[in-house]
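Before any comments, here is the structure.
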Amino acid sequence: METLVPAAICHHTRIRVATERATEFIDLTARIEALAGEAGILAGLVNIQSLHTTTAIVVNEHEPLLLADFDALLARAAPKDVPYRHDDMDARTVNLAPDERSNGHAHCHALLLGSSASLNVADGRLQLGRWQRVFLVELDGPRIREVSVLVFGEGAR
Amino acid sequence: METLVPAAICHHTRIRVATERATEFIDLTARIEALAGEAGILAGLVNIQSLHTTTAIVVNEHEPLLLADFDALLARAAPKDVPYRHDDMDARTVNLAPDERSNGHAHCHALLLGSSASLNVADGRLQLGRWQRVFLVELDGPRIREVSVLVFGEGAR
Amino acid sequence: METLVPAAICHHTRIRVATERATEFIDLTARIEALAGEAGILAGLVNIQSLHTTTAIVVNEHEPLLLADFDALLARAAPKDVPYRHDDMDARTVNLAPDERSNGHAHCHALLLGSSASLNVADGRLQLGRWQRVFLVELDGPRIREVSVLVFGEGAR
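Residue numbers (our numbering), protein chains in the order written: chain G, 11 to 167; chain E, 11 to 167; chain D, 11 to 167.
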């Protein structure tokens, strides 16, 4: 008979997503659960991190009408049609890219929503409540986006 | 004489809370500190995660009048008395539960506040500034709620 | 020939910052990258945590005009010149300090932005997208502030 001793697990992956709309909630839950399962983690953390400044990572319910409410909330907090100094190309001198978009509102939305979410793993399962899903939030699409996922904890050797 | 070598610690717990009001800030700090202490962690992380889509985890000051200011802030950002598509039961087709509440505003509040907080541990102590406290935020109560807490790091063997 | 086996790394540091303005975004990216490098971490997490209730940690772009847009966003969400119950010193009975400031708005801003950010490390490098930078956000300065940084993961022994 052998005794199971915990082994440290630390797996990193990047998920690539082609978004299709200006604002969009992309449900990553199944992919996150698969990554945690493949890594063989029994207990620990999964940290899901946006790699962009106009996307966010959030955890909430996947109900299409609610996602429309979230769009409306963000549009109220930082409307697309008011002036942003970031979009004043006569005044800007920093970080000017050839493909620069008018996206001050999208940066504001990302600031409010946050760039990462940490989820616990216990008994070999991602801890998510009944209605909780993990979303990449596109705020200035469509674009090709990447999400960094770290699965970190203990497995059975 | 024996040398202390670090041992990996990874303890998971669920905290159960019966909330009493529609919106409420429940101070979990003492319980989180006790869980970190019981796990014997010297350095590492504590990740505190909501398991619901109408609660949040935040870190701020426990001053009752400030908590009333936070209520007012959330009510301004997403008022309870404006229409939410999530609450239009004639239009909804997804995730309909028997106990469905009119709670679009509460989901919006949760989205803005975030579903988890990660706190560092060093020298055997949870790193919290003078006024920092950890709260479960009830946004659609009263209900029975659960919080997932992972204590993950190094202890002395 | 020796085999490299992973060694657990768990390093904690406090960064001290003297802020100079009422609201200010202090770019900590170079310091965070240096701490991850010095710790010798190959894969894992860096958790950056505010130790105050009127500062926040965010990840976004370091473009000066955008930071002015963020100031404007916060001022709209919780203006400085409306009354906060937290600032009513006739009503307050809790947590009264000799150096108490009128800062209800700053607490509201901190609540919306969040107190920590977790960044992944892979292949020995902090995972940050092209425009991503890590900021301590001063919301009630100028003050002396401290940030707690935990580098936690695997290194090469």
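All C-beta atoms, glycine included, are put in the ideal place defined by N, C-alpha and C.
Fair warning: this is a prediction, and the values are worked out from it, not measured in the lab.
Sorted by chain position, which residues of the same chain lie with C-beta nearer than 7 angstroms to residue i's C-beta, five sequence neighbours on each side aside?
i      : result
T64/G  : N113, A116, H117, A120, L149 and D150
Y94/G  : G114 and H115
R111/G : D150
W141/E : E71
T29/E  : I36, E148, G151, P152, R153 and R155
Over the uninterrupted beta strand (DSSP E) stretch that includes residue i, give me the two end residues.
i      : result
D37/D  : E34 to D37
A66/D  : T65 to N70
R153/E : Looking at the DSSP string, R153/E is not in any beta strand (DSSP E), and its letter there is neither H nor E.
G54/D  : I51 to S60
If you draw a straight line from the C-alpha of residue i to the C-alpha of residue j, how long is it?
i      : j      : result
V27/G  : L160/G : 17 angstroms
R24/D  : A82/D  : 30 angstroms
I58/G  : G124/G : 11 angstroms
A78/E  : G139/D : 38 angstroms
L106/D : L45/E  : 29 angstroms
T39/G  : L129/G : 11 angstroms
T172/E : K90/E  : Missing from the structure shown is residue 172/E; chain E here goes from 11 to 167 and no further.
D109/G : I67/G  : 24 angstroms
G134/E : F35/D  : 31 angstroms
V69/G  : D100/G : 38 angstroms
F80/G  : G47/D  : 39 angstroms
R41/E  : A49/D  : 31 angstroms
L55/G  : S158/D : 19 angstroms
V92/E  : D98/E  : 12 angstroms
How about residue i and residue j: do their beta carbons lie closer than 8 angstroms?
i      : j      : result
E164/G : L61/G  : no
L136/D : E43/D  : yes
H22/E  : A53/G  : yes
E71/E  : R153/E : no
H96/D  : L75/E  : yes
A87/D  : A87/G  : yes
Just to confirm my understanding: we take residue i, look at its own chain, exclude 5 residues before and 5 after, and list those with CB closer than 8 angstroms. What are they?
i     : result
R31/D : E148, G151 and P152
D37/D : H72, R143, V144 and F145
A17/G : E164, G165, A166 and R167
What first and last residue would you give for the alpha helix (DSSP H) that runs through residue i?
i     : result
R86/E : P74 to A87
Quick one: what's got a C-beta closer than 6 angstroms to residue i's C-beta in the same chain, skipping five residues either side?
i      : result
I51/E  : I19, V131, V161, G163 and G165
L84/D  : H119
T103/G : none
Write down every uninterrupted run of the beta strand (DSSP E) in the stretch 112–142 of chain G whose length is 3 residues or greater and which is fully enclosed by it, in chain order.
126–132
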